[in-house]
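K.L.:
Residue numbers (this note's numbering): 757 to 805.
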């Protein structure tokens, strides 16, 4: 659709990846959703560290 707004599924998958990464001591650097002429960083959107 070209709209990079994260879906509930995008958000849930990212949260699960961040949690799994913490258990395995692997940092998830970011999850980008790229749309028409813009993108959304889920790291910024969810404010995980």
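All C-beta atoms in this analysis are idealised placements derived from N, C-alpha and C, irrespective of residue type, glycine included.
Rounded to the nearest angstrom, how far is the Cβ of residue 762 from that of residue 790, given a contact under 8 Å?
P.N.:
Translated into the one-based positions of the chain shown, residue 762 becomes position 6. Translated into the one-based positions of the chain shown, residue 790 becomes position 34. The pair is not a contact, with the Cβ atoms about 12 Å apart (cut-off 8 Å).
K.L.:
Can you give the Cα-Cα distance for residue 805 and residue 794, rounded to whole angstroms?
P.N.:
Taking the first residue of the chain shown as 1, we reach residue 805 at position 49. Taking the first residue of the chain shown as 1, we reach residue 794 at position 38. Near 23 Å, if we compare the C-alpha coordinates of residue 794 and residue 805.
K.L.:
Go through its chain and collect everything with a Cβ distance to residue 799's Cβ below 6 Å, but skip five positions before and after it.
P.N.:
Position 43 of the chain shown, counting from 1, holds the residue named residue 799. If we look at residue 799 and ignore the five residues flanking it on each side, its Cβ neighbours are 786.
K.L.:
What residue does the alpha helix (DSSP H) around residue 802 start on, and which one ends it?
P.N.:
Indexing the chain shown from 1 puts residue 802 at position 46. Its alpha helix (DSSP H) spans residues 798-802.
K.L.:
Would you check if the distance between the CB atom of residue 792 and the CB atom of residue 758 is smaller than 7 Å?
P.N.:
For this step, residue 792 is matched to residue 36 along the chain shown. For this step, residue 758 is matched to residue 2 along the chain shown. Closer than 7 Å, so yes.
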